[in-house]
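Chains as they are written, first to last, in my numbering: chain A, 371 to 605; chain B, 371 to 605.
Structure first, then comments.
Protein chains: 2
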Amino acid sequence: MKNIIIASTSTVHGLGYLEYILEDLDLFFKGVKNIIFIPYARPGGITHDAYTDHAKQAFKKINIAVKGLHEFENPIEAITHAEAIFVGGGNTFVLTNQLYKNNLIAPLQHVVKNGTPYLGTSAGSNICGLTIKTTNDMPIVYPPSFNALGFVPFNINPHYLDPDPTSKHMGETRETRIKEFHHYNTPPVVGLREGSWLHVQGDSIVLKGNLDARIFEYDKAPYEIPTGTELNMLK
Amino acid sequence: MKNIIIASTSTVHGLGYLEYILEDLDLFFKGVKNIIFIPYARPGGITHDAYTDHAKQAFKKINIAVKGLHEFENPIEAITHAEAIFVGGGNTFVLTNQLYKNNLIAPLQHVVKNGTPYLGTSAGSNICGLTIKTTNDMPIVYPPSFNALGFVPFNINPHYLDPDPTSKHMGETRETRIKEFHHYNTPPVVGLREGSWLHVQGDSIVLKGNLDARIFEYDKAPYEIPTGTELNMLK
Numbered sequence: 371m372k373n374i375i376i377a378s379t380s381t382v383h384g385l386g387y388l389e390y391i392l393e394d395l396d397l398f399f400k401g402v403k404n405i406i407f408i409p410y411a412r413p414g415g416i417t418h419d420a421y422t423d424h425a426k427q428a429f430k431k432i433n434i435a436v437k438g439l440h441e442f443e444n445p446i447e448a449i450t451h452a453e454a455i456f457v458g459g460g461n462t463f464v465l466t467n468q469l470y471k472n473n474l475i476a477p478l479q480h481v482v483k484n485g486t487p488y489l490g491t492s493a494g495s496n497i498c499g500l501t502i503k504t505t506n507d508m509p510i511v512y513p514p515s516f517n518a519l520g521f522v523p524f525n526i527n528p529h530y531l532d533p534d535p536t537s538k539h540m541g542e543t544r545e546t547r548i549k550e551f552h553h554y555n556t557p558p559v560v561g562l563r564e565g566s567w568l569h570v571q572g573d574s575i576v577l578k579g580n581l582d583a584r585i586f587e588y589d590k591a592p593y594e595i596p597t598g599t600e601l602n603m604l605k
Numbered sequence: 371m372k373n374i375i376i377a378s379t380s381t382v383h384g385l386g387y388l389e390y391i392l393e394d395l396d397l398f399f400k401g402v403k404n405i406i407f408i409p410y411a412r413p414g415g416i417t418h419d420a421y422t423d424h425a426k427q428a429f430k431k432i433n434i435a436v437k438g439l440h441e442f443e444n445p446i447e448a449i450t451h452a453e454a455i456f457v458g459g460g461n462t463f464v465l466t467n468q469l470y471k472n473n474l475i476a477p478l479q480h481v482v483k484n485g486t487p488y489l490g491t492s493a494g495s496n497i498c499g500l501t502i503k504t505t506n507d508m509p510i511v512y513p514p515s516f517n518a519l520g521f522v523p524f525n526i527n528p529h530y531l532d533p534d535p536t537s538k539h540m541g542e543t544r545e546t547r548i549k550e551f552h553h554y555n556t557p558p559v560v561g562l563r564e565g566s567w568l569h570v571q572g573d574s575i576v577l578k579g580n581l582d583a584r585i586f587e588y589d590k591a592p593y594e595i596p597t598g599t600e601l602n603m604l605k
């Protein structure tokens, strides 16, 4: 049975890394002693070691040990035997490219479908959707495909940002971008504001955190859903 | 001899489409009676016809007729015989994908190298760089390559936006994104603020408009250049 947290962000303004969600992670990872961290998204281009240290510090507070996937000789085998998996944020293109390069897409799909707990934040959440076509990231590397892990039957837009009515900048708003996505693609998109997450348990998908989320369905006006809403039927 | 305008945006806040740059376009297109407009980037998903009408209205003011590339039976032939070319903004991935699909990359490179005047705005400027890896757009379609037209030996970041020191949003700033680009790529990036453009004439590349631009070179601190600066040596 799938057991997944798909979080908009690792960090909310004014709090430390994962701090806003740490109590929930303590429950989510109940019984877990060791997590494999996938540091491939390399936020700001930091090294896999430095990024893994960051994750280690946070999980120490709830007594879970973290080891970076790059520390294993055989990443496929490591994923296959992982007790739990955490994929951190950074650049979604870099992350996706590295997952393909290391042939990790199918192994991740296999273990997560069979119950290995998975936590994603930001880029690590983007890849839980059908494709990475609703990422906010800059396409700094060219991955072999935009197809992602497909843990949920829709796309994720993390760090969802409401339009700023005072802005004089002419670049597209997030909503405009997602509407453009629907000119070429039909899957729904869940806009997850910072501090929100989806909790997937088997066939159940529930919005968590304090905020509403914004749902974009093909050929429909976007709408808001309150926290606690079940998204099991969205596809 | 190359003759190109690479503009950050088509529209600055408070003015009409191309209005801020129309006097300069009048000079740039001196003697030109007909422009071929490439509407492939489809901002907001509008049709090629609707987008072309938009361009027509703007160029009517300087007595230039506009025809959409989609109106020609043979787009390669149309580009080969074009008097001048304008590529409008929208989604850079959609634009790039369509250019590849219609085998237009090499024909565009050929005619622009040989002097056909080219105007690009936003996405139409992004593709003037070496790659589209510094676009701000959402990757809503998967193009066969991120390689672009390479009219200049660096990358463009249009709609360049300075960090907002009051923001509580945890998404990456534009500067952070471009720095991440340089962890995987070495070409310089020119951050063009809205209202700025590059004028390329043969080997000369000059920053125009009222604003400074921000230059990002590999392994160097970013720096500002004033309008009027020659960028001929940047590569």
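C-beta atoms are modelled at their ideal positions from N, C-alpha and C, and glycine is treated no differently.
Any idea if Pro-533 of chain A is buried or exposed, counting beta-carbon neighbours within 10 angstroms, 16 or more meaning buried?
For Pro-533 of chain A, the number of other beta carbons within 10 angstroms of its own is below 16, and it is reported as exposed.
Identify every run of the beta strand (DSSP E) within the region 409-482 of chain B, keeping only runs that are complete inside it and at least 3 residues long; order them along the chain.
Those beta strand (DSSP E) runs which fall completely within the region 409-482 of chain B and span 3+ residues are 435-438, 455-457.
His-552 of chain A, enclosing alpha helix (DSSP H) - first and last residue
According to the DSSP assignment, His-552 of chain A belongs to the alpha helix (DSSP H) that extends over 544-554.
Leaving out the 5 sequence neighbours to the left and right, which residues in its chain are closer than 7 Å to Val-464 of chain A when beta-carbon positions are compared?
Apart from the 5 residues on each side of it in sequence, Val-464 of chain A sits with its Cβ closer than 7 Å to the Cβ of Tyr-410, Ala-411, Arg-412, Ile-510, Val-511 in its chain, given in chain order.
How is the beta strand (DSSP E) around Gly-494 of chain A delimited, first residue to last?
Taken as a continuous stretch (DSSP letters only), Gly-494 of chain A belongs to no beta strand (DSSP E), being part of the alpha helix (DSSP H) at 493-496.
What is the rounded straight-line gap between the Cα of Ala-583 of chain B and the Cα of Ile-375 of chain B?
The alpha-carbon atoms of Ala-583 of chain B and Ile-375 of chain B are separated by roughly 15 Å.
Cβ separation of Ser-492 of chain B and Gly-459 of chain B, assumed to be a contact under 8 Å, to the nearest whole Å:
In this structure Ser-492 of chain B touches Gly-459 of chain B by the C-beta definition: roughly 3 Å separates them, less than 8 Å.
Hey, quick one: how far does the alpha helix (DSSP H) through Glu-587 of chain A stretch, first residue to last?
Per DSSP, Glu-587 of chain A belongs to no alpha helix (DSSP H) and is neither H nor E.
Drop a sphere of 10 angstroms on the beta-carbon of Thr-417 of chain B, count the other beta-carbons inside from all chains shown, and report buried for 16 or more, exposed for fewer.
The residue in question, Thr-417 of chain B, is exposed, as its Cβ has fewer than 16 Cβ neighbours within 10 Å.
Please report how far the alpha carbon of Trp-567 of chain B lies from the alpha carbon of Gly-384 of chain A, in whole angstroms.
Rounded to whole angstroms, Trp-567 of chain B to Gly-384 of chain A spans 38 Å at the Cα level.
CA-to-CA distance, Ile-434 of chain B to Leu-478 of chain B, given in whole angstroms:
Whole-angstrom Cα-Cα distance: 21 Å.
Within 8 Å (strictly less), CB to CB, does Thr-381 of chain A reach chain B?
Chain B places a beta carbon closer than 8 Å to that of Thr-381 of chain A, counting this residue as a contact.
Measure the Cβ-Cβ separation of Ser-378 of chain B and Glu-564 of chain B and say whether it is below 8 Å.
Taking 8 Å as the Cβ cut-off, Ser-378 of chain B and Glu-564 of chain B qualify as a contacting pair.
Under three-state DSSP, which class holds Ile-595 of chain B?
DSSP places Ile-595 of chain B in strand when its eight states are reduced to three.
Give every residue of the same chain whose Cβ lies closer than 7 Å to the Cβ of Ile-575 of chain B, excluding the five residues on either side of it in the sequence, and list them in chain order.
The answer, listed in chain order, is Val-522, Leu-568, Glu-600, Leu-601, Asn-602.
Strand pairing of Leu-577 of chain B, partner residues [DSSP]
DSSP output for Leu-577 of chain B lists B:Leu-568 as bridge partner(s).
Under the assumption that Phe-524 of chain B contacts Thr-501 of chain B (Cβ atoms under 8 Å), give the Cβ distance between them as a whole number of angstroms.
Contact flag wrong, Cβ pair sits at about 10 Å.
Given Gly-572 of chain B as reference, the closest of B:Lys-538, B:Asn-496, B:Gly-485, B:Ile-595 once Cα atoms are compared
It is B:Gly-485.
So, helix, strand or coil for Ile-510 of chain B, using DSSP?
Coil.
Straight-line CA distance for Asn-506 of chain B to Ile-405 of chain A?
Answer to the nearest angstrom: the Cα atoms are 34 Å apart.
For Leu-469 of chain B, count the other beta carbons within 10 Å of its own beta carbon; 16 or more makes it buried, fewer makes it exposed. Which is it?
In this structure Leu-469 of chain B is buried. Its beta-carbon is surrounded by 16 or more other beta-carbon atoms within 10 angstroms.
Keeping to the same chain, check which residues put their C-beta closer than 7 Å to that of Leu-577 of chain B; ignore five residues upstream and five downstream.
Excluding positions up to five away in sequence, the list reads Ser-566, Leu-568, Ala-583, Ile-595, Thr-597, Gly-598, Thr-599, Leu-601.
Just the chain C side, please: which residues come within less than 7 Å of Asn-555 of chain A by C-beta, in chain order?
In the structure shown, chain C cannot be found, because the protein chains are A and B.
Using the Cα positions of Tyr-554 of chain B and Lys-483 of chain A, report the straight-line distance between them to the nearest angstrom.
Each residue's Cα considered, the two are about 33 Å apart.
Count the other C-beta atoms from every protein chain shown that fall within 10 angstroms of the C-beta of Glu-542 of chain B, then say buried if there are 16 or more, exposed otherwise.
By the neighbour-count rule (16 or more Cβ atoms within 10 Å), Glu-542 of chain B is buried.
Tell me the DSSP bridge mates of Phe-398 of chain B?
Paired residue(s): none; Phe-398 of chain B is not in a bridge.
Any C-beta of chain A sitting closer than 8 Å to the C-beta of His-539 of chain B?
Chain A places a beta carbon closer than 8 Å to that of His-539 of chain B, counting this residue as a contact.
Residues in its own chain within less than 6 Å of Pro-558 of chain A by CB, not counting five upstream and five downstream?
So the list reads Phe-524, Glu-587, Leu-604, once near-sequence residues are dropped.
Distance between beta carbons of Thr-450 of chain A and Ile-497 of chain A, contact taken as under 8 Å:
With 8 Å as the limit, Ile-497 of chain A and Thr-450 of chain A do not qualify as a contact, their Cβ atoms being about 18 Å apart.
Cβ-based neighbour list, Thr-381 of chain B, same chain, cut-off 8 Å, excluding 5 preceding and 5 following
A distance below 8 Å between beta-carbons, with the five flanking residues on each side excluded, links Thr-381 of chain B to the following residues of its chain, in chain order: Tyr-387, Leu-388, Glu-389, Tyr-390.
Where does the unbroken beta strand (DSSP E) through Asn-373 of chain A begin, and where does it stop?
It spans 373-377 - the beta strand (DSSP E) in which Asn-373 of chain A sits, taken as one unbroken run.
Is the distance from the Cβ of Asn-473 of chain B to the Cβ of Ile-446 of chain B below 8 Å?
Judged by beta-carbon spacing, Ile-446 of chain B lies within the 8 Å limit of Asn-473 of chain B, meaning their Cβ atoms are closer than that value.
Using a Cβ cut-off of 8 Å (strictly closer), state whether Thr-422 of chain B contacts chain A.
For Thr-422 of chain B, the answer is no, since every Cβ of chain A falls outside 8 Å of its Cβ.
Thr-422 of chain A versus A:Leu-562, A:Phe-399, A:Ile-455, A:Val-481, residue with shortest Cα-Cα distance:
With distances taken between Cα atoms, Thr-422 of chain A lies closest to A:Ile-455.
Near-chain B residues of the region 563-583 of chain A (beta-carbon distance less than 9 Å), N- to C-terminal order
Residues passing the 9 Å Cβ filter: Glu-564.
Residue interval of the beta strand (DSSP E) (run including Leu-529 of chain A)
Here residue 529 of chain A turns out to be His, not Leu, going by the sequence shown. Going by DSSP, His-529 of chain A is part of the beta strand (DSSP E) stretching over 525-530.
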